[in-house]
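Below is one structure, written out as C-alpha coordinates; comments come after it.
Numbering (the numbering used here), first residue to last: 5 to 195.
Printed below as a string of C-alpha coordinates:
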(Lines of atoms letter the chains of each structure in order from A and count residues from 1; the text may use other names and numbers.)
(Lines give C-alpha, C1' and ligand atoms only; values in the text may rest on other atoms or scores of the structure.)
Protein backbone atom coordinates (compact mmCIF):
# COMPACT_ATOMS: atom_id res chain seq x y z
CA UNK A 1 0.00 0.00 0.00
CA UNK A 2 1.23 3.49 -0.87
CA UNK A 3 2.33 5.43 2.26
CA UNK A 4 0.02 8.33 1.31
CA UNK A 5 -2.92 5.91 1.14
CA UNK A 6 -2.18 4.71 4.68
CA UNK A 7 -1.87 8.28 5.97
CA UNK A 8 -5.15 9.41 4.41
CA UNK A 9 -6.98 6.23 5.43
CA UNK A 10 -6.07 7.01 9.07
CA UNK A 11 -7.28 10.59 8.68
CA UNK A 12 -10.62 9.55 7.18
CA UNK A 13 -11.09 6.76 9.75
CA UNK A 14 -10.35 9.12 12.63
CA UNK A 15 -12.42 11.98 11.24
CA UNK A 16 -9.31 14.13 11.66
CA UNK A 17 -9.25 17.52 10.01
CA UNK A 18 -11.38 16.41 7.06
CA UNK A 19 -14.88 16.89 8.47
CA UNK A 20 -15.78 19.54 5.93
CA UNK A 21 -18.64 18.10 3.91
CA UNK A 22 -19.42 21.17 1.83
CA UNK A 23 -18.27 21.49 -1.76
CA UNK A 24 -15.32 23.79 -2.38
CA UNK A 25 -16.18 27.44 -2.85
CA UNK A 26 -14.80 27.45 -6.39
CA UNK A 27 -17.43 24.87 -7.33
CA UNK A 28 -20.31 25.81 -5.04
CA UNK A 29 -20.17 29.53 -5.87
CA UNK A 30 -19.68 29.04 -9.61
CA UNK A 31 -21.67 25.88 -10.36
CA UNK A 32 -23.71 27.90 -12.82
CA UNK A 33 -20.73 27.53 -15.20
CA UNK A 34 -21.10 23.73 -15.29
CA UNK A 35 -22.35 22.19 -18.53
CA UNK A 36 -25.84 20.65 -18.58
CA UNK A 37 -24.34 17.22 -19.33
CA UNK A 38 -21.00 15.50 -19.73
CA UNK A 39 -18.34 13.61 -17.81
CA UNK A 40 -16.88 15.08 -14.65
CA UNK A 41 -13.95 14.05 -12.46
CA UNK A 42 -13.41 14.95 -8.81
CA UNK A 43 -9.67 14.28 -8.62
CA UNK A 44 -8.25 13.57 -5.14
CA UNK A 45 -11.87 13.66 -4.03
CA UNK A 46 -11.58 12.87 -0.33
CA UNK A 47 -15.06 12.29 1.05
CA UNK A 48 -16.48 13.60 -2.23
CA UNK A 49 -18.53 16.70 -1.46
CA UNK A 50 -17.60 18.05 -4.90
CA UNK A 51 -18.48 14.76 -6.60
CA UNK A 52 -21.87 14.71 -4.89
CA UNK A 53 -22.60 18.22 -6.21
CA UNK A 54 -21.49 17.27 -9.74
CA UNK A 55 -23.71 14.18 -9.74
CA UNK A 56 -26.66 16.17 -8.38
CA UNK A 57 -26.21 18.52 -11.35
CA UNK A 58 -26.69 15.59 -13.72
CA UNK A 59 -23.08 15.00 -14.78
CA UNK A 60 -21.68 11.49 -15.19
CA UNK A 61 -19.38 11.79 -12.22
CA UNK A 62 -16.15 9.97 -11.45
CA UNK A 63 -14.33 10.35 -8.12
CA UNK A 64 -10.75 9.22 -7.56
CA UNK A 65 -8.70 9.22 -4.37
CA UNK A 66 -5.66 7.38 -3.07
CA UNK A 67 -7.51 6.60 0.16
CA UNK A 68 -9.59 3.45 0.11
CA UNK A 69 -11.39 4.66 3.23
CA UNK A 70 -12.43 7.92 1.55
CA UNK A 71 -13.69 5.95 -1.46
CA UNK A 72 -15.63 3.57 0.82
CA UNK A 73 -17.30 6.51 2.59
CA UNK A 74 -18.18 8.23 -0.70
CA UNK A 75 -19.46 5.02 -2.28
CA UNK A 76 -21.84 4.59 0.66
CA UNK A 77 -23.03 8.21 0.41
CA UNK A 78 -23.39 8.21 -3.38
CA UNK A 79 -25.86 5.31 -3.65
CA UNK A 80 -24.49 4.30 -7.05
CA UNK A 81 -24.65 7.81 -8.56
CA UNK A 82 -20.86 8.22 -8.75
CA UNK A 83 -18.12 6.01 -10.24
CA UNK A 84 -15.80 5.86 -7.19
CA UNK A 85 -12.28 4.48 -7.66
CA UNK A 86 -9.29 4.20 -5.36
CA UNK A 87 -6.51 5.46 -7.59
CA UNK A 88 -3.04 6.93 -7.25
CA UNK A 89 -3.46 9.76 -9.74
CA UNK A 90 0.28 10.43 -9.85
CA UNK A 91 0.85 6.89 -11.12
CA UNK A 92 -2.36 6.75 -13.20
CA UNK A 93 -3.35 10.21 -14.43
CA UNK A 94 -6.54 10.70 -16.44
CA UNK A 95 -6.52 9.86 -20.14
CA UNK A 96 -6.40 12.67 -22.75
CA UNK A 97 -9.70 14.34 -23.64
CA UNK A 98 -11.73 12.19 -21.28
CA UNK A 99 -13.59 14.78 -19.15
CA UNK A 100 -15.75 17.87 -19.65
CA UNK A 101 -15.16 19.02 -16.06
CA UNK A 102 -12.29 18.34 -13.67
CA UNK A 103 -12.42 19.56 -10.08
CA UNK A 104 -9.34 19.59 -7.85
CA UNK A 105 -9.48 21.04 -4.36
CA UNK A 106 -6.92 21.17 -1.57
CA UNK A 107 -4.53 18.93 -3.48
CA UNK A 108 -1.38 19.99 -5.30
CA UNK A 109 0.88 17.88 -7.48
CA UNK A 110 2.40 20.24 -10.00
CA UNK A 111 3.51 17.31 -12.18
CA UNK A 112 -0.14 16.36 -12.76
CA UNK A 113 -1.20 19.72 -14.19
CA UNK A 114 -0.23 18.90 -17.81
CA UNK A 115 -2.24 15.65 -17.52
CA UNK A 116 -5.23 17.53 -16.12
CA UNK A 117 -5.10 19.98 -19.03
CA UNK A 118 -4.73 17.14 -21.55
CA UNK A 119 -7.64 15.25 -19.94
CA UNK A 120 -10.05 18.12 -20.65
CA UNK A 121 -12.16 17.82 -23.77
CA UNK A 122 -12.50 20.93 -25.96
CA UNK A 123 -14.51 23.55 -24.03
CA UNK A 124 -13.86 21.52 -20.87
CA UNK A 125 -13.54 23.31 -17.55
CA UNK A 126 -11.14 22.90 -14.66
CA UNK A 127 -12.21 24.13 -11.21
CA UNK A 128 -9.12 24.32 -8.99
CA UNK A 129 -8.78 25.53 -5.40
CA UNK A 130 -5.87 24.91 -3.06
CA UNK A 131 -3.69 26.43 -0.37
CA UNK A 132 -1.26 29.30 -0.88
CA UNK A 133 2.02 30.13 0.84
CA UNK A 134 0.73 33.61 1.60
CA UNK A 135 -1.71 33.01 4.44
CA UNK A 136 -3.26 34.61 7.49
CA UNK A 137 -3.34 31.53 9.77
CA UNK A 138 -1.97 27.99 10.07
CA UNK A 139 -4.70 26.16 8.14
CA UNK A 140 -3.58 23.72 5.49
CA UNK A 141 -0.31 21.86 5.03
CA UNK A 142 2.82 23.05 6.78
CA UNK A 143 5.10 21.96 3.94
CA UNK A 144 5.45 24.87 1.46
CA UNK A 145 5.84 22.35 -1.39
CA UNK A 146 2.09 21.70 -1.05
CA UNK A 147 1.22 25.40 -1.24
CA UNK A 148 1.06 27.72 -4.22
CA UNK A 149 3.32 30.72 -4.67
CA UNK A 150 1.63 34.02 -5.52
CA UNK A 151 -0.09 33.73 -8.93
CA UNK A 152 1.36 30.25 -9.45
CA UNK A 153 -2.02 28.75 -10.34
CA UNK A 154 -2.26 31.18 -13.27
CA UNK A 155 1.16 30.10 -14.49
CA UNK A 156 0.35 26.39 -14.15
CA UNK A 157 -2.71 26.74 -16.38
CA UNK A 158 -1.21 29.05 -18.97
CA UNK A 159 -2.74 28.39 -22.38
CA UNK A 160 -6.24 27.90 -21.03
CA UNK A 161 -8.88 30.62 -21.08
CA UNK A 162 -9.12 31.96 -17.53
CA UNK A 163 -12.76 32.36 -16.55
CA UNK A 164 -12.09 33.26 -12.91
CA UNK A 165 -9.09 33.76 -10.66
CA UNK A 166 -9.11 34.75 -7.00
CA UNK A 167 -6.24 35.03 -4.53
CA UNK A 168 -6.54 37.67 -1.83
CA UNK A 169 -3.34 37.02 0.11
CA UNK A 170 -2.95 39.18 3.19
CA UNK A 171 -4.13 42.59 1.99
CA UNK A 172 -6.92 44.44 3.74
CA UNK A 173 -8.85 42.97 6.67
CA UNK A 174 -7.42 39.44 7.15
CA UNK A 175 -10.52 38.32 9.05
CA UNK A 176 -12.71 38.76 5.97
CA UNK A 177 -12.71 37.46 2.43
CA UNK A 178 -11.18 34.42 0.78
CA UNK A 179 -7.89 33.75 2.55
CA UNK A 180 -5.14 31.11 2.57
CA UNK A 181 -6.17 29.67 -0.82
CA UNK A 182 -6.34 30.49 -4.51
CA UNK A 183 -9.11 29.48 -6.90
CA UNK A 184 -9.20 29.25 -10.66
CA UNK A 185 -11.74 28.25 -13.28
CA UNK A 186 -10.30 27.82 -16.76
CA UNK A 187 -11.53 26.46 -20.08
CA UNK A 188 -9.64 24.45 -22.69
CA UNK A 189 -10.80 26.04 -25.92
CA UNK A 190 -9.51 23.31 -28.26
CA UNK A 191 -7.35 20.16 -28.41
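Ideal Cβ placement from N, Cα and C applies to all residues, glycine included.
- In the same chain as residue 91, and ignoring 5 residues on each side of it, the C-beta atoms closer than 6 Å to its own belong to 68, in chain order.
- The three-state secondary structure of residue 45, taken from DSSP, is strand.
- Inter-residue distance for residue 88 and residue 31 is about 19 Å (C-alpha atoms, whole angstroms).
- Take residue 27, set aside five residues on each side of it, and the residues of its chain with a beta-carbon closer than 6 Å to its own are 53, 54, 57, in chain order.
- Contact check for residue 135 against residue 151 passes: the beta carbons are separated by less than 9 Å.
- DSSP places residue 185 within a strand segment (E or B) once states are collapsed to three.
- Under DSSP, residue 190 shares a beta bridge with 130, 166.
- Note that the C-beta distance between residue 185 and residue 110 is below 9 Å.
- Taking 9 Å as the cut-off, the Cβ atoms of residue 187 and residue 132 count as close.
- In the structure shown, residue 30 adopts helical secondary structure according to DSSP, grouped into three states.
- Checking the DSSP bridge columns, you'll see residue 65 partnered with 44, 86.
- The DSSP-derived three-state label of residue 112 is coil.
- Here residue 124 is bridged, per DSSP, to 103.
- Exclusion of the five residues before and after residue 123 leaves 45, 97, 98, 99, 100, 101, 102, 103, 106 as the residues of its chain whose Cβ lies within less than 8 Å of its Cβ.
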